[in-house]
Amino acid sequence: MEKLRFDGQTAIVTGAGGNPSLGRAHALLLAERGANVVVNDIGRNHAPGASTAESVVQEILACGGKAVADTNSVATEAGANALIQTAIDAFGGVEILINNAGVIFNVAFDEISSADIQLQIDVNLMGPIWGTRAAWPHMKKKGYGRIVNITSGSMFGFARQAVYAASKGGVYSLTCGLATEGKRVGIKVNAISPGAYTRMVIGSQEEDCRTVRATKNLPPELVSPVVAYLAHDSCPVNGQCIDAMGGSLRRTYFATTKGFADRELTVEKVVERWAEVGAGTSEDIVTLDAFDGFERHDKPYRPSMQKA
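With the sequence shown counted from 1, adding 12 to any position gets you the numbering used here.
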């Protein structure tokens, strides 16, 4: 089939510094396929392999692509507005927004600092909110836009990631809500739940950790084609979340059991018929309770004292 391309379109990828990293891989692929790319990264992540937005831009330029760097923080409304302005000043607009920037602390809920709770919410959840809010009027005016949010399987409940899970679960719900609003004005919004060997994994978990071992052969470049497809004008879906890891794809979605209904419900009837509430799991649905997160070997937690 004919290669999907993005000629003439401008894509913003947040959190796109570092190597290996998902954002860098997304930015490189979009640029390779003809997009003008705004590479956003604050450049203050101290995980191994952390680099700058400018270094990724130089990689793109060296391959004949078009890109500019942006170091604004999407964790603030002002920073997100400035990011969108970078795209407008450099390329005249924005058609694609990849809300990839994220931060994680693997630590017990009662041990994480208040500042790091706020940091995860600000970057992981408010980042996509502020970034999308800033880009939305421009896409709406044009009658076209593609937004891809990055969520995580952690939203289903892994130990020592409660706040991270809350932020990523919020991104999933944000995606659903924006998709509903966007379909009337030509904007499609989808999400990716990725798995890959990245600086976030390297920086937060020890070498002998199950997650590190499992992801070493899962390069970020095997996630980027899914992101690119969801960002393309031919993408048929809206409001969906796709798990993407090592070339394996599957859809994640909300579901409910059949349950029961009783207009004369009592506490005792709830007890008696409780099994019906939980019944209905199909053999073709993969449950996520086989891995609860306690098996990870996380690096010692140190409060970041870092502002977004």
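Cβ atoms here follow ideal geometry from the backbone N, Cα and C, with glycine treated the same way.
Measure the CB-CB distance between D128 and P315 and report whether it falls below 8 Å. Yes, the pair counts as a contact, with Cβ atoms nearer than the cut-off.
Per-residue DSSP class, three states only, for C253: C253 falls in the strand class under three-state DSSP.
Could you compute how far the alpha carbon of M257 sits from the alpha carbon of P32? If you take the alpha carbons of M257 and P32, they lie about 15 Å apart.
I'd like to check one pair, N202 with L186: are the Cβ atoms closer than 8 Å? No; because the gap between Cβ atoms is not below 8 Å, this pair is not in contact.
What does the alpha-carbon distance come out to for the pair A65 and V282? Approximately 55 Å between the Cα atoms of the pair.
Member of P248, G207, I254, D245 whose CA lies at the smallest distance from the CA of P231: The shortest Cα separation from P231 among P248, G207, I254, D245 belongs to G207.
May I ask which residues mark the beginning and end of the alpha helix (DSSP H) holding A43? 34-44 is the span of the alpha helix (DSSP H), which, as asked, contains A43.
Can you check which of these residues, C253, Q132, Q21, is closest to C156 by C-alpha distance? The sequence as given places Tyr at residue 156; Cys does not occur at that position. For Y156, the nearest C-alpha among the options comes from Q21.
Rounded C-alpha distance that separates P60 from G29: Per-residue confidence for P60 stands at a pLDDT of 48, beneath the threshold of 50, marking its modelled position as unreliable; the derived number appears in the next sentence. Separation of P60 and G29 (C-alpha to C-alpha, rounded to the nearest whole angstrom) is 12 Å.
Candidates N118, A94, G76, G77: which alpha carbon is nearest T83's? If we check each option's Cα against that of T83, A94 comes out closest.
Three CB pairs or more closer than 8 Å across the region 265-281 and the region 170-183: The region 265-281 is not in contact with the region 170-183.
Please state the DSSP three-state secondary structure of S125. Correct three-state label for S125: coil.
Considering Cα atoms alone, identify which of R263, K228, N229 is closest to V238. With distances taken between CA atoms, V238 lies nearest to R263 out of R263, K228, N229.
Locate the beta strand (DSSP E) running through T278, then write down its first and last residues. No beta strand (DSSP E) contains T278, which DSSP labels as neither H nor E.
Buried or exposed: which applies to K200, given that a residue is buried once 16 or more other Cβ atoms fall within 10 Å of its Cβ? It is buried - the Cβ of K200 has at least 16 other Cβ atoms within 10 Å.
Tell me the DSSP bridge mates of A92? In DSSP, A92 forms no bridge with anything.
For K152, does the three-state DSSP call read helix, strand or coil? Note: K152 maps to helix in three-state DSSP.
Between G35 and N112, is the Cβ-Cβ spacing less than 8 Å? Taking 8 Å as the cut-off, the Cβ atoms of G35 and N112 count as close.
Beta-carbon proximity check, L41 vs S236, cutoff 8 Å: Going by C-beta atoms, L41 is nearer than 8 Å to S236.
Per DSSP, which one or two residues make a beta bridge with A79? For A79, DSSP records a beta bridge to V49.
What does DSSP give as the partner residue(s) for K200 in the beta ladder? The partner list for K200 (beta bridge, DSSP) reads R158.
Whose C-beta lies closer than 6 Å to the C-beta of A92 among residues of the same chain, with five residues either side of it excluded? The residues are V86, W142, G143, A146.
Quick check: is any heavy atom of the ligand GTP less than 7 Å from the C-beta of H38? The ligand GTP is not part of the structure shown, which contains no ligands of any sort.
Could you tell me the boundaries of the alpha helix (DSSP H) in which V68 lies? Judged by DSSP secondary structure, V68 falls within the alpha helix (DSSP H) whose first and last residues are 65-74.
Answer yes or no: do N52 and V25 have a C-beta to C-beta separation smaller than 8 Å? Result yes, Cβ atoms of N52 and V25 sit closer than 8 Å.
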